[in-house]
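Residue numbers (the working numbering), protein chains in the order written: chain E, 1 to 169; chain B, 1001 to 1100; chain X, 2001 to 2469. Beta carbons: idealized from backbone N, C-alpha and C, even for Gly. Structure first, then comments.
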Amino acid sequence: MVEFFFGFFAIMILFCSVMVVMSRNAIHSVLWMLVMFFHVAGVYLMLNAEFLAATQIIVYAGAILVLFLFVIMLLNLREEMNIEQLIDGWPAGLSLAVAMLVVLILALGSFSVKPWGQWSIEVVEKTTQTKALGKVLYTEYLLPFEIASLVLLVAIIGAVVLAKKKLKS
Amino acid sequence: MVPLHWYLWLGSLVFCIGMFGFLTRRNVIIMFLSIELMLNGVNISLVALSHYMQDLRGQVLTLFVIAVAAAEAAIGLAIVIALFRNKPTTHLDEIKEMKG
Amino acid sequence: MDITIIKPILPEIVMAALACVVLILELFIHKKETIGVFAILAVAAVSYVIPQSFGSAFNGMFISDGYSVFFKFIFFINLILAVLISIRYLKIERSEFGEYYSLMMFATLGMMIMASATDLIVLYLGLELMALSTYILAGFIRHDRRSNEAALKYFFLGAFSSAILLYGITMIYALTGTTNILAIASQLQGKMTTQLILAIVFLVVAFGFKIALAPFHMWTPDVYEGAPTSITAFMSVGPKAAAFAALGRVFTTGLIDFAPDWRGILIALSILTMAVGNILAIQQSNIKRMLAYSSIAHAGYAVIGVIAGGAEGLSAMMNYLFIYAFMNIGAFAVVIMLRVEGVKGEELEHYRGLAKTHPLAAVLMLIFMFSLTGIPPTGGFIGKFYLFKAAVGAGYAWLAVVAVVFSVISAYFYLRVVMYMYMHEPEGEPAALATSTPLGLALLITTIMVIVLGVYPSPFLAFARLAIG
Chain E
1 MVEFFFGFFA IMILFCSVMV VMSRNAIHSV LWMLVMFFHV AGVYLMLNAE
51 FLAATQIIVY AGAILVLFLF VIMLLNLREE MNIEQLIDGW PAGLSLAVAM
101 LVVLILALGS FSVKPWGQWS IEVVEKTTQT KALGKVLYTE YLLPFEIASL
151 VLLVAIIGAV VLAKKKLKS
Chain B
1001 MVPLHWYLWL GSLVFCIGMF GFLTRRNVII MFLSIELMLN GVNISLVALS
1051 HYMQDLRGQV LTLFVIAVAA AEAAIGLAIV IALFRNKPTT HLDEIKEMKG
Chain X
2001 MDITIIKPIL PEIVMAALAC VVLILELFIH KKETIGVFAI LAVAAVSYVI
2051 PQSFGSAFNG MFISDGYSVF FKFIFFINLI LAVLISIRYL KIERSEFGEY
2101 YSLMMFATLG MMIMASATDL IVLYLGLELM ALSTYILAGF IRHDRRSNEA
2151 ALKYFFLGAF SSAILLYGIT MIYALTGTTN ILAIASQLQG KMTTQLILAI
2201 VFLVVAFGFK IALAPFHMWT PDVYEGAPTS ITAFMSVGPK AAAFAALGRV
2251 FTTGLIDFAP DWRGILIALS ILTMAVGNIL AIQQSNIKRM LAYSSIAHAG
2301 YAVIGVIAGG AEGLSAMMNY LFIYAFMNIG AFAVVIMLRV EGVKGEELEH
2351 YRGLAKTHPL AAVLMLIFMF SLTGIPPTGG FIGKFYLFKA AVGAGYAWLA
2401 VVAVVFSVIS AYFYLRVVMY MYMHEPEGEP AALATSTPLG LALLITTIMV
2451 IVLGVYPSPF LAFARLAIG
């Protein structure tokens, strides 16, 4: 049963990824990406990461992709659709990606890890996943959390500086 | 039970599809989405590892990756808009202002 | 609350707070030069708290040691000099906004975090903080298409490389179950696996993009040419040094047991980088583009320090970057001086007969070009000398010979600038120079340091050695 769900999600994710890359129209790409994000969230649910599944949909699908759609609508991209979508040298890109994929598949096939950590499914269930993640995030990972806030601040400044219509002075 | 390496394979496949898109497409929006695909490939691997190790570190890193991806999207699209104001195209080959 | 736990990170906290203050000041201050001056004062404040900062914090995610402090001083020098050369230049480019200085400070903060990070997650976030700020700065002249294009290219390659870095981090996490750089070595126990080779390759590629090692250098010429010249100076030193700091930390502590493996990759990349940088620089007629290729070549030299390894190799690399900061920003300061209203001043042609029209500017450029070539008695010579000495000491004499050969080739394009200035007659109207007090100050500091480092380098060498030891 679990294998069936995994297979379904995996096939959908891969199909959508290929469609994102191969679509002629950027809007179609974004919509395929949306479908893909929902299935990635499904994979996260299978891995007992409910909070991340929610984040994936709220932040990735809800915020980032909507931003993409806004920008595409803002820019009028009609003539783009008549251009060949791939560059002339695409076989080189394809062979590089395939070579890397083969290496990765071979290297990762034999891979296994020991469940040495303290956050087994039972413990996470007892504390609830969001609480467990919050505990780790706000104690052990406080420093990266603070740096992430600065990264977002810089993003706000950057968006204003680069995209605002008129700056004073 | 699904073995760990199925998830890792899925992650690496998504990563490589994203890489292929980045290397072969020249529409800035789709190149951008390709990078997001690569990040999603990494995220799938991280969450799977985190689950099988029973350690939350991987999930924490995934959260940070999502936050940084949001920041990157904001800045990248701002750059695209700034560029579009000066030259209305999103095709990288038409943007070329400098030789080389 | 106990203050001692945040002591090691105090310089970063002060920097972050002051960067926010600079952001707010932009609202009230109309003379943007004042904000630049404030940014320099902020650096002084941060350097003041650095001596008390030694130690480790946040579960060993962050460390303030001699190694990171030395790099932080390189970043401060980079920031101060870049601010000094920006003040007048931004006015000419009609892009005088206070956010510029604030973003520079955030970028410097990201570099400081990178140099101090002992956890790969912190390293990644510091890198992103630095990179995102620099993307914005590269596109800061919004009405200039070249600047937009530079920002876009820099952004794409940067985002691509950080995705690769993340995959490398994921592999390391998969193998060790930790992201702590110091714990990686003990977890791996010197066991070589296919996955580890992949992780090393991914990390080398990701850092290679940031340092601009060939064949991951393609973005550099376009980005350096298109970005505002002051930012080109800023990012040809700071982000590069930060990536070197991270590379040195990850490879010589976390992955030290696998040195023979990564050394081979780095040697190949180093030779390729020196070749590409020096040979392609010869064909350039645009000074900014030429300096971009030159900065690629210099990254190739500096990697030799990491390859040689040990205290001697690392301190030689640190010294080299320290000297490189002065001579490279100095050269860009002269380029900025030639940028006046209506004249880009970036082509080699603009330097024709500069010695006749503006002898002082020509002399300064001469000193920086000599230093970049590595001719004594300038700092560049000392930097290269100790780098090559470290390589010979570690048993890589042949690599040092290769580097010397490429240095000789580099003399061709550096000295061609000198030839244009001194051997050619000026054509047409002599162009004016955009001099200003801050720019003059920057040139004064860089010139004095390049000469002092060339004549009397021992205190600085001792400082780097002490930082490592």
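Item, Value
"Excluding the five sequence neighbours on either side, which residues of its own chain have a C-beta within less than 6 Å of the C-beta of residue 169 of chain E, listed in chain order?", "Bear in mind that a pLDDT of 48 at residue 169 of chain E, under 50, signals an unreliable position, so the model cannot answer this."
"Quick check on residue 2346 of chain X: buried or exposed, where buried means 16 or more other Cβ atoms within 10 Å of its Cβ?", "buried"
"Which whole runs of the alpha helix (DSSP H) in the region 2096–2124 of chain X are 4 residues long or more, in chain order?", "2099–2116"
"For residue 2119 of chain X, which residues from the same chain have a beta carbon less than 6 Å from its beta carbon, with the 5 sequence-adjacent residues on both sides left out?", "2061, 2179, 2180"
"Measure from the C-beta of residue 162 of chain E to each C-beta in chain X and report whether the shortest distance is under 8 Å.", "yes"
"Output the distance between the C-alpha atoms of residue 2243 of chain X and residue 1067 of chain B, rounded to the nearest integer angstrom.", "22 Å"
"Just how far apart, CA to CA, sit residue 1081 of chain B and residue 2142 of chain X?", "10 Å"
"Once you ignore the five residues that flank residue 2388 of chain X on each side, which residues in its own chain have a CB closer than 7 Å to its CB?", "2400, 2403, 2404"
"Residue 2250 of chain X to residue 2073 of chain X, Cα distance in whole Å?", "20 Å"
"Identify the residues that DSSP records as bridge partners of residue 2057 of chain X: which are they?", "X/2062"
"Are the C-beta of residue 157 of chain E and some C-beta of chain X separated by less than 8 Å?", "yes"
"Can you tell which of B/1037, B/1035, B/1056 has its C-alpha closest to the C-alpha of residue 128 of chain E?", "B/1056"
"Who are the Cβ neighbours of residue 2235 of chain X in its own chain at under 6 Å, not counting the five residues just before and after it?", "2134"
"Determine the direct distance from the alpha carbon of residue 2145 of chain X to that of residue 2337 of chain X, and round the result to whole angstroms.", "22 Å"
"Check the Cβ-Cβ distances between residue 1086 of chain B and every residue of chain E, and say whether any is below 8 Å.", "no"
"Just by C-beta distance, which residues in the region 1044–1060 of chain B are closer than 7 Å to chain X?", "1045, 1046, 1049, 1053, 1055, 1057, 1058"
"Closest Cβ-Cβ distance between residue 2298 of chain X and chain B: below 8 Å?", "no"
"Can you pull out the residues from the region 26–46 of chain E whose beta carbon lies closer than 8 Å to at least one beta carbon of chain B?", "26, 29, 30, 33, 36, 37, 40, 43, 44, 46"
"Using the Cβ count rule (16 or more neighbours within 10 Å means buried), how would you classify residue 2283 of chain X?", "exposed"
"Determine the direct distance from the alpha carbon of residue 2300 of chain X to that of residue 2068 of chain X, and round the result to whole angstroms.", "21 Å"
"Roughly how many whole angstroms lie between the Cα atoms of residue 1073 of chain B and residue 107 of chain E?", "32 Å"
"Does the region 2075–2085 of chain X touch the region 2120–2130 of chain X, meaning 3 or more C-beta pairs lie closer than 8 Å?", "no"
"Tell me the DSSP bridge mates of residue 2340 of chain X?", "X/2343"
"Below 8 Å between beta carbons: does that hold for residue 2302 of chain X and residue 2321 of chain X?", "yes"
"With a threshold of 8 Å between beta carbons, is residue 2160 of chain X in contact with chain B?", "yes"
"Look up residue 2213 of chain X in the DSSP assignment and say whether it is helix, strand or coil.", "coil"
"So the alpha helix (DSSP H) residue 30 of chain E belongs to, where does it begin and stop?", "26–46"
"Please check the pair residue 2167 of chain X and residue 2339 of chain X, which I expect to be a contact at CB under 8 Å, by giving their CB distance rounded to whole angstroms.", "In fact, because the Cβ distance is near 41 Å, the residues do not count as touching under 8 Å."
"Going by other Cβ atoms of all chains shown within 10 Å of its Cβ, with 16 needed for buried, is residue 2008 of chain X buried or exposed?", "buried"
"Alpha helix (DSSP H) containing residue 1064 of chain B: first to last residue?", "1057–1086"
"Quick check: the region 2099–2106 of chain X against the region 2032–2046 of chain X, are there 3 or more CB pairs under 8 Å?", "yes"
"Considering only DSSP beta bridges, list what residue 2180 of chain X is partnered with.", "X/2119"
"Any beta carbon from chain X within less than 8 Å of residue 169 of chain E's own beta carbon?", "Confidence at residue 169 of chain E is low in this model, with a pLDDT of 48, below 50, so the placement of that residue is unreliable and no value is reported for it."
"Between which two residues does the alpha helix (DSSP H) holding residue 119 of chain E run?", "Careful: residue 119 of chain E lies outside any alpha helix (DSSP H) and carries neither H nor E."
"I need the straight-line Cα distance from residue 53 of chain E to residue 42 of chain E, nearest angstrom please.", "7 Å"
"Does the region 2223–2242 of chain X come into contact with the region 2260–2275 of chain X, if we say contact requires no fewer than three beta-carbon pairs (one atom in each stretch) closer than 8 Å?", "no"
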